[in-house]
Amino acid sequence: MKAAARMDRLPRHFFSTLVQKAAALNKAGFDVIDLGRGSPDLATPPHIIQALHEAAQNPLYHRYSPFEGYPEIREGISTWYAQKRGVTIDPDLEVSILFGSKVGLVEVALCLLEPGDVCLVPDPGYPDYLSGIALAAAEAYPMPLLATHDYLPDFEAIPEDVLKRAKLMFLNYPGNPTAALAPRAFYERAIRVAKKHDIIIAHDYAYGALGFDGRRPVSFLELEGAKEVGIEFYSLSKTYSMSGWRVGFALGNPDVVGLINKLQNHFFANIPPAIQMMAAQALVGPQDCVDEMVQVYETRRNVFLQGLTQIGWKADPPGGTFFAWLPIPEKMTSQDYTDLLLEQAHIVVAPGTGFGVHGEGYVRVGLLHEIPRLMEAVERIRKLKIWE
Ligand SMILES: Cc1ncc(COP(=O)(O)O)c(C=O)c1O
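Residues 0 to 387 (numbering that gives the first Met the number 0) make up the sequence shown, in order.
Right under this line is the structure:
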């Protein structure tokens with residue numbers, strides 16, 4: 000059998016390698032602390048699970064969904080944006096329901112990119128941006144995100160001929176892996192660049208609910224002119240600890256949303272109806288669970304970073320997400336340091352270079368364990384005496 004060439008263009012999935020490494024050590028009987036992955040460890044709040052139970056009893060929801068989903072979920076996300084972000088979203092024309100936002104990141108590239116087109120991507124950035132670009136036989140142009148520039152891309156540094164060929168630009172704040180937030184002025188600059196060069200912006204807002212120290216992460220759609228040039232991806236995975244239920248959205252520019260819906264209609268008849276009802280309840284039901292969750296992650300961040308400081312590992316506190324983006328010892332590569340932690344402390348972290356060449360010099364740690372387990376990781380690292 001000869002696979003289609005597009006399959007060769009797809010890179011091996013970075014996170015699958017990490018998972019395998021951790022699993023192999025576990026199987027060998029070691030007590031591995033996995034700080035490498037980004038799947039929330041908290042349970043979906045009970046009132047949301049209750050909504051799923053109720054919907055599952057209703058035979059109406061045992062059938063195929065309407066292609067573009069039930070009105071309840073589309074109206075739910077529109078209500079959420081109006082109440083939480085002051086953004087008006089037309090539930091019929093400006094919402095696409097996704098099988099997790101991950102799928103939409105690939106679909107938007109398939110909808111907009113021709114072979115040879117350029118797509119601007121953050122580096123370091125979430126690896127899945129590259130998947131759709133590869134399938135479309137387009138070219139990824141990395142925009143370096145550096146600590147010295149607050150992990151924001153410098154649009155001035157992108158060559159004019161690249162901007163001319165660019166059709167799509169991925170942005171992601173709060174950022175994975177950098178955990179940085181972006182100010183409104185940054186989105187204004189991005190919108191100006193997009194208008195001038197006819198580029199569609201795809202803002203990945205998967206961590207939109209996860210800002211710390213009282214900061215509320217800005218939604219791209221809050222900015223004037225945003226809908227003319229782009230869409231935002233939102234996800235219930237992080238906000239309501241619903242990663243296993245697979246619910247995300249593409250919102251904003253009706254033409255781009257329409258293309259995603261058109262493509263999806265060839266792949267699926269939407270996500271399972273009972274899960275749509277569950278998602279609607281998550282969006283319009285009580286929201287104290289979200290404040291409580293942010294508090295849990297913020298406390299973990301504080302305690303973990305304090306622990307690192309005590310053993311001599313200095314890092315800036317993340318502004319949001321549930322990740323910490325940590326500088327590694329000088330004269331080591333991020334892969335060497337990752338291997339060292341795995342082999343000598345049985346701790347899995349994600350090497351910065353898994354997110355792009357500008358991730359060199361860092362590792363990403365997921366704060367997705369209870370505090371005693373995170374402190375056990377700190378203690379194991381202390382014993383290595385690297386940071387003394
Ligand atoms: C930056 C970013 N975007 C998108 C996703 C995908 O989330 P989901 O497909 O669960 O909505 C993730 C998941 O980890 C992520 O970190």
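All residues carry an ideal CB built from backbone N, CA and C; glycine is no exception.
inquiry  = At a cut-off of 6 Å, would you count residue 234 as near ligand 1, judging by its Cβ distance to the nearest heavy atom?
reply    = Here the question's residue 234 lines up with position 235 in the sequence shown. Within the cutoff, so yes.
task = Please confirm whether residue 103 and residue 97 have their CB atoms less than 7 Å apart.
result = Against the sequence shown, residue 103 aligns to sequence position 104. Against the sequence shown, residue 97 aligns to sequence position 98. Yes, they are a contact pair.
query = Considering only residues of the same chain and omitting the five flanking positions on each side of residue 50, which have a CB-CB separation below 7 Å?
reply = Position 51 of the sequence shown, counting from 1, holds the residue named residue 50. The answer, listed in chain order, is 276, 277, 280.
task = Give the straight-line distance between the Cα atoms of residue 371 and residue 327, rounded to the nearest whole angstrom.
result = The sequence position of residue 371 within the sequence shown is 372, counting from 1. The sequence position of residue 327 within the sequence shown is 328, counting from 1. Straight-line Cα distance between these residues: approximately 23 Å.
ask   = Do the segment 30-40 and the segment 344-364 meet, that is, are 3 or more Cβ pairs less than 8 Å apart?
value = Output reads yes: the segment 344-364 touches the segment 30-40.
query = Which class does residue 79 belong to by DSSP, given the choice of helix, strand or coil?
reply = For the purposes of this step, residue 79 is identified with residue 80 of the sequence shown, where counting begins at 1. Three-state DSSP puts residue 79 in a helix.
query = With a CB to CB cut of under 8 Å and the five nearest residues on each side skipped, what residues in its chain are close to residue 144?
reply = Stepping through the sequence shown from its first residue, residue 144 is reached at position 145. Within the same chain, residue 144 has close Cβ partners 121, 122, 123, 124, 150, 151, 152, 174, 177, 179, 357.
request  = Using 6 Å as the cut-off, classify the Cβ of residue 101 as near or not near the heavy atoms of ligand 1, replying yes or no.
outcome  = Stepping through the sequence shown from its first residue, residue 101 is reached at position 102. Relative to the non-hydrogen atoms of ligand 1, the Cβ of residue 101 comes within a distance shorter than 6 Å of at least one.
key: Which listed residue (118, 218, 130) has its alpha carbon closest to that of residue 160   = Your numbering for residue 160 matches position 161 in the sequence shown. Among 118, 218, 130, the Cα nearest to that of residue 160 belongs to 118.
Span separating the alpha-carbon of residue 293 from that of residue 130 = Counted from its first residue, the sequence shown places residue 293 at position 294. Counted from its first residue, the sequence shown places residue 130 at position 131. Distance from the CA atom of residue 293 to the CA atom of residue 130, rounded to whole angstroms, is 30 Å.
key: Limits of the beta strand (DSSP E) - the one that residue 171 falls within   = Taking the sequence shown and counting its residues from 1, the one referred to as residue 171 is at position 172. Counted as a single uninterrupted DSSP element, the beta strand (DSSP E) harbouring residue 171 occupies residues 165-171.
Residues of its chain near residue 284, where Cβ-Cβ distance is below 8 Å and the 5 sequence neighbours each way are ignored = Taking the first residue of the sequence shown as position 1, residue 284 is located at position 285. Close CB contacts of residue 284 within its chain, under the 8 Å cut and outside five residues either way in sequence, are with 46, 47, 50 (chain order).
Nearest neighbour of residue 16, chosen from 56, 42, 126, 82 [CA to CA] = One-based indexing of the sequence shown puts residue 16 at position 17. Nearest C-alpha to residue 16: 126.
key: Rounded separation between residue 61 and residue 52 - CA only   = On the sequence shown, position 62 is the one that residue 61 refers to. On the sequence shown, position 53 is the one that residue 52 refers to. Cα-Cα distance, rounded: 12 Å.
ask   = Is it a yes or a no for the segment 81-89 touching the segment 202-221, going by three-plus beta-carbon pairs under 8 Å?
value = Using a C-beta cut-off of 8 Å, the segment 81-89 makes contact with the segment 202-221, since at least three inter-stretch Cβ pairs fall below that distance.
inquiry  = Quick test of your reading: residue 303 and residue 377, contact by CB under 8 Å. State the CB separation rounded to the nearest angstrom.
reply    = The residue you call residue 303 lines up with position 304 of the sequence shown. The residue you call residue 377 lines up with position 378 of the sequence shown. Contact holds; Cβ gap of about 7 Å.
task = Look up residue 324 in the DSSP assignment and give the residues it is bridged to.
result = For this step, residue 324 is matched to residue 325 along the sequence shown. BP columns for residue 324 point to 363.
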